[in-house]
Ligand SMILES: [Zn+2]
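What follows is the structure, encoded as structure tokens:
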């Protein structure tokens, strides 16, 4: 026989426990927000920080009472309500306070300018160069000379403004097989080369290491037009 009180509130809890649940949810929501800011959230794309918090919070609150007999329903309902309330309140608040929004959601960051990768900006977005080059390949970009500027959006997606076809310059090829085969520094005398790490172009033998990022691996640059 199903005991209704046990089902909804649990055996040993009083009604006051529901208030405790609401407080617990708020504290865990704030803690999860802090953790997400600390660890970076770029691994999960297409969601804002707040949306991700809701998904995590709801998943746990909804799932446990479905399968655990010692997880009563009402505390979960309170937790779900509080998660949605926190989401709604923070959404309202961030819409009115741009500084808070930037703190929680991050900001759009320019990571390529004039065919060169801003490694510091990329690092601040928690994105590796390899991962970023992969995103550019998905956008059918063959080399950085085709790119005027690129941005990492607040949801971690990469967006690009292209150069006009007749303004395409020499740039770092993005095909993995090209990046894996650096050429000797002396080759730079014969053809334009780019630093494999940041895309800095080099037309003459000046330094063995890239003056921008310190890498000493160079590959021949490309200047092909974009294939639509
Ligand atoms: Zn470099």
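Numbering (this note's numbering), first residue to last: 1 to 228. Backbone N, C-alpha and C fix where the C-beta goes; we use that ideal spot for every residue, glycine too. All figures in this text were calculated on a predicted structure; none of them were measured in a lab.
_Element boundaries [beta strand (DSSP E), containing residue 220]_ = Locating residue 220 in the chain shown gives position 220, where the first residue counts as 1. Residues 218-220.
*asked:* For ligand 1, is there any heavy atom lying closer than 7 Å to the beta carbon of residue 120?
replied: The count along the chain shown starts at 1 and reaches residue 120 at position 120. The nearest non-hydrogen atom of ligand 1 is 7 Å or more from the C-beta of residue 120.
*Where residue 92 sits in the DSSP three-state scheme*: The residue given as residue 92 occupies position 92 in the chain shown. Here residue 92 sits in helix by DSSP.
*asked:* Alpha carbons only, please: which of 77, 50 and 227 is nearest the one belonging to residue 146?
replied: Position 146 of the chain shown, counted from the first residue, corresponds to residue 146. Ranked by how close their Cα comes to the Cα of residue 146, the residues 77, 50 and 227 have 227 in first place.
*asked:* On the CB-based measure, 16 or more other CB atoms within 10 Å of its CB, does residue 123 come out buried or exposed?
replied: Within the chain shown, the letter at position 123 stands for residue 123. It counts as exposed.
*Close beta carbons around residue 215, own chain, < 6 Å, minus the five adjacent residues each side*: Taking the chain shown and counting its residues from 1, one reaches residue 215 at position 215. So the list reads 195 and 197, once near-sequence residues are dropped.
*Please work out which residues of its chain come closer than 8 Å, Cβ to Cβ, to residue 100, disregarding the five sequence neighbours upstream and downstream, and give them in chain order.*
Locating residue 100 in the chain shown gives position 100, where the first residue counts as 1. 93 and 94.
*With a floor of 3 residues, list each beta strand (DSSP E) that falls wholly inside the segment 103-144, ordered by position along the chain.*
Scanning the segment 103-144 from its first residue to its last, the whole beta strand (DSSP E) runs of 3-plus residues come out as 109-113.
*Is it the case that the Cβ atoms of residue 62 and residue 76 are separated by a distance below 8 Å?*
One-based indexing of the chain shown puts residue 62 at position 62. One-based indexing of the chain shown puts residue 76 at position 76. With respect to residue 76, residue 62 sits close: the two C-beta atoms are nearer than 8 Å.
*Straight-line gap, residue 68 to residue 51 (C-alpha atoms, nearest Å)*: Residue mapping note: residue 68 aligns to position 68 of the chain shown, counting from 1. Residue mapping note: residue 51 aligns to position 51 of the chain shown, counting from 1. Straight-line measurement puts the Cα of residue 51 at about 26 Å from the Cα of residue 68.
*Distance, Cα to Cα, residue 65 vs residue 46?*
Within the chain shown, residue 65 is the residue found at index 65, counting from 1. Within the chain shown, residue 46 is the residue found at index 46, counting from 1. One alpha carbon belongs to residue 65, the other to residue 46, and they sit about 28 Å apart.
*Near residue 119, what residues of its chain come up, given a Cβ to Cβ distance below 6 Å and the 5 sequence neighbours on each side ignored?*
Reading the chain shown from its first residue, position 119 is the one you call residue 119. Answer for residue 119: 198 and 213, listed in chain order.
_Please tell me whether residue 30 and residue 54 are closer than 8 Å, where the distance is taken between their beta carbons._
Translated into positions along the chain shown, residue 30 becomes position 30. Translated into positions along the chain shown, residue 54 becomes position 54. No, they are not a contact pair.
*asked:* Going by DSSP in three states, residue 66 sits in which element: helix, strand or coil?
replied: Stepping through the chain shown from its first residue, residue 66 is reached at position 66. In the three-state reduction of the DSSP assignment, residue 66 falls in the helix class.
*Beta-carbon contacts of residue 36 that lie in its chain and below 6 Å, excluding the five residues immediately before and after*: Translated into the one-based positions of the chain shown, residue 36 becomes position 36. Around residue 36, the same chain offers 49 as residues with beta carbons nearer than 6 Å, after the five sequence neighbours per side are excluded.
*Residues in its own chain within less than 6 Å of residue 111 by CB, not counting five upstream and five downstream?*
Within the chain shown, numbered from 1, the residue matching residue 111 stands at position 111. If the five residues before and after residue 111 are omitted, its C-beta is found closer than 6 Å to the C-beta atoms of 118, 121, 122, 150 and 152, all from its own chain and listed in chain order.
*Near residue 18, which residues of its chain fall below 7 Å by C-beta distance, leaving aside the five closest residues on each side in sequence?*
Residue 18 sits at position 18 when you count from the first residue of the chain shown. Once the five neighbours on either side are set aside, the close Cβ partners of residue 18 are 74, 75 and 78.
_Beta-bridge pairing of residue 202 - partner residues as DSSP gives them_ = The residue given as residue 202 occupies position 202 in the chain shown. Partner(s): 193.
*In the structure shown, what three-state DSSP assignment does residue 171 receive?*
Locating residue 171 in the chain shown gives position 171, counting from the first residue. Strand, per DSSP.
*Report yes if the CB atom of residue 158 is closer than 8 Å to the CB atom of residue 223, and no otherwise.*
In the chain shown, the residue the question calls residue 158 occupies position 158. In the chain shown, the residue the question calls residue 223 occupies position 223. No Cβ-Cβ contact shorter than 8 Å links residue 158 with residue 223.
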